[in-house]
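The structure appears right after this line, and notes come after that.
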Amino acid sequence: MPTETRKRKADHIRISLSHNVQAKSVTTGFEDVNFIHRALPEIDKQEIDLSSTVVGHKFAAPLIVGAITGGTKGASKINATIAEAVEELGLGMGVGSQRAALEDKELEKTFSIARKKAPTAFLIANIGGVQLINGYGLKEVRKAVEMIEADAVAIHLNALQETAQPEGQTNFAGILEKIGEIAEELDKPVIAKETGAGIAAEEAKKLAAVGVKAIDVSGAGGTSFAAVEHYRAKGAGNSSQRRLGQVFWDWGISTAVSIVEVSQTVNLPVIASGGIRNGVDAAKALALGSCLTSLSQPILQAAVMGVKETSSTLSLLADELRNVMFLVGANSVESLRRIHIVITGKTSEWLRTRGFNPESYARGARN
Ligand SMILES: Cc1cc2nc3c(=O)[nH]c(=O)nc-3n(C[C@H](O)[C@H](O)[C@H](O)COP(=O)(O)O)c2cc1C
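Each residue of the sequence shown is one higher than the last, beginning at 14 in our numbering.
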C-alpha cells in the first residue's frame, strides 16, 4: 500500500510535467473580470504595499505555492526548492498530501525538508478529507502538522479526482462532521481546500459552520486532476478510467465564480487557486474577494529547474501584481479588494442566476 501511494504521487508529478493537463473548455472566468484603468492613479508605484495578513501571518505579498508533492526522492527536491524560494521572498507554501509519510516513516524527511529550508515561511500541512473517513483522525493530522512544524493544515477535498482514479476512495459520507472534529480539536487553523473543481456557496457555509478558518477554492480553469488521471489510466491500459478522465476533464466551478460564491457567503479568508498564471490573474482574484492567491503547476515547472527559476517566477508575479495595483490606483491589497471592477459574460450570468449581484462590484461595493 505505501508503495502504491508513492507511485501514484510520482505519476502525478511525471504526468503534470510531461503532458498538458490544463483545463480545455472550462476557463477560470478571469477573462470576464475587467479592471477600470485609472489615467490618474495618484499613487507612487514604489510605495505600494503588497503585504497581506491572513490567519495571523503577514505575507510579503499575497502569494503562496499550493500543495504539490512529497513522498519520493524527486518530491523532496521539489519541496526543498520551493521552500528555499518562499523563505527568501517571505511567502508561504503547502506540501502535498502527507498520507505517504503517515504510512511510511522513512518518507517523513521528504516533507520535513520544507521546514528545514524555510524556517520562518508559512507552511501548510496537507491531508485528504476522505482519509478522515477511512481511519485517520486527530492523531494523524497532528502528526502531519508536527512533521513540518506547520502553521496550518489544509484538508483537501478531491471527490472528482477520487472518481477518476482506479484506486479512488469514493465514500465521502460523513466528511463534514470529521472535518469539524479536527477543526475543533486542532490548535492550528484548518483550511478546507479543493483540488481544481471549486467550492460553492452552500459548501462554504457548511465548512464555516464546523469551524474551518479559511477556504482555498481551487477552482476549475487551471490544472485538471481528471486530466492527470486520464493519462495515468492511459498508461495503465485502463480504457474505462481513461474515458472517465476525458469526459470529466473540464468538470468544476470556475475559479472566479468560486471566489465570489465563497467570499460573499462566509466571513472567512478566501485563498484563490486554480489557473492563476500571472499577476493580472492574481489581482483579479484579489479584487473578487480573496486575500491570498496560490499557484501549483507553474511553480512545479519552475521548481524542477531550480531555486533561482522558482523565485524569479514568484517575483515576476509579484511585480505584475504591483503593476496592476498602480494602474488601478490601489496602494494596498486591502484597497485592491475594494476596487471597482466590471464582471461580464458567463461569470456575470452565473453569479446573477445564483443570486449574487455582479453589478455591486462595479460600484466598489461587495454585495
Ligand atoms: C502534481 C500535482 C500534485 C498535487 N497534489 C496535491 C495534493 O497532494 N494535495 C492537494 O491539496 N492538492 C494537490 N494538488 C492540487 C493543487 O494544490 C491545486 O489545487 C491545483 O493544481 C490547482 O492549481 P493550479 O491550476 O495552479 O495548478 C496537486 C497539483 C499538482 C499539479
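Note that the Cβ used here is the ideal one computed from N, Cα and C, for glycine as well.
query                                                                                                                               : result
Presumed contact (8 angstroms Cβ cut-off) between residue 231 and residue 303, rounded CB distance                                  : Not confirmed; about 11 angstroms, so no contact.
For residue 235 and residue 248, the rounded distance between their alpha carbons                                                   : 22 angstroms
Counterpart residues of residue 139 in DSSP-defined beta bridges                                                                    : 167
Helix, strand or coil at residue 259 according to DSSP, with G and I counted as helix                                               : helix
Residues of its chain near residue 22, where Cβ-Cβ distance is below 8 angstroms and the 5 sequence neighbours each way are ignored : 82, 83, 84, 85, 88, 109, 110, 113
Identity of the residue in 145, 213, 93 nearest residue 321 by Cα                                                                   : 93
DSSP-derived helix/strand/coil call for residue 70                                                                                  : strand
Residue burial classification, residue 49 (beta-carbon count within 10 angstroms, cutoff 16)                                        : exposed
Selection from 279, 311, 361 that minimises the alpha carbon distance to residue 374                                                : 361
Minimum length 4: unbroken alpha helix (DSSP H) runs contained in the region 279-315                                                : 292-300
For residue 76 and residue 327, believed in contact at Cβ under 8 angstroms, the rounded distance                                   : 6 angstroms
Limits of the beta strand (DSSP E) - the one that residue 106 falls within                                                          : 105-107
CB of residue 69 within 8 angstroms of CB of residue 270, strictly                                                                  : no
Cβ-heavy atom distance, residue 397 to ligand 1, below 7 angstroms                                                                  : The structure shown does not extend to residue 397, since the chain spans only 14 to 380, so no value can be given for it.
DSSP three-state assignment for residue 323, whether helix, strand or coil                                                          : helix
Closest by C-alpha distance to residue 27, when choosing among 192, 209, 91                                                         : 91
Spatial distance of residue 160 from residue 53 (CA atoms)                                                                          : 50 angstroms
Per DSSP, the bridge partner or partners of residue 229                                                                             : 206, 284
Residue(s) in a DSSP beta bridge with residue 35                                                                                    : 236
Alpha carbon of residue 183 to alpha carbon of residue 58, nearest angstrom                                                         : 50 angstroms
Per-residue burial, residue 14 [other beta carbons within 10 Å of its own, 16 or more giving buried]                                : Bear in mind that a pLDDT of 41 at residue 14, under 50, signals an unreliable position, so the number given afterwards is only what the model happens to contain. Exposed is the call here.
Proximity winner among 175, 356, 116, 350, relative to residue 241 (alpha-carbon distances)                                         : 175
Distance, residue 349 Cα to residue 340 Cα                                                                                          : 11 angstroms
Euclidean distance between Cα positions of residue 268 and residue 354                                                              : 16 angstroms
Coil, strand or helix - residue 189 by DSSP                                                                                         : helix
Alpha-carbon spacing of residue 218 relative to residue 196, whole angstroms                                                        : 15 angstroms
Where residue 243 falls, given that 16 or more other Cβ within 10 Å makes a residue buried                                          : buried
Uninterrupted alpha helix (DSSP H) stretches inside the region 74-134 (no shorter than 4 residues)                                  : 86-102, 112-116, 122-130
Buried versus exposed, by CB contacts within 10 Å (16 or more), residue 79                                                          : buried
Residue 367 classed as buried or exposed, judged by whether at least 16 other C-beta atoms fall within 10 angstroms                 : exposed
Cβ-heavy atom distance, residue 178 to ligand 1, below 7 angstroms                                                                  : no
Cβ neighbours of residue 141 in the same chain (closer than 6 angstroms, five flanking residues each side left out)                 : 110, 169
Whether residue 257 touches residue 210 by CB criterion (8 angstroms)                                                               : no
Through-space distance from residue 277 to residue 45, alpha-carbon basis                                                           : 18 angstroms
Which listed residue (60, 288, 37, 35) has its alpha carbon closest to that of residue 335                                          : 60
beta-carbon residue 288 near ligand 1 non-hydrogen atom, thresh 7 angstroms                                                         : yes
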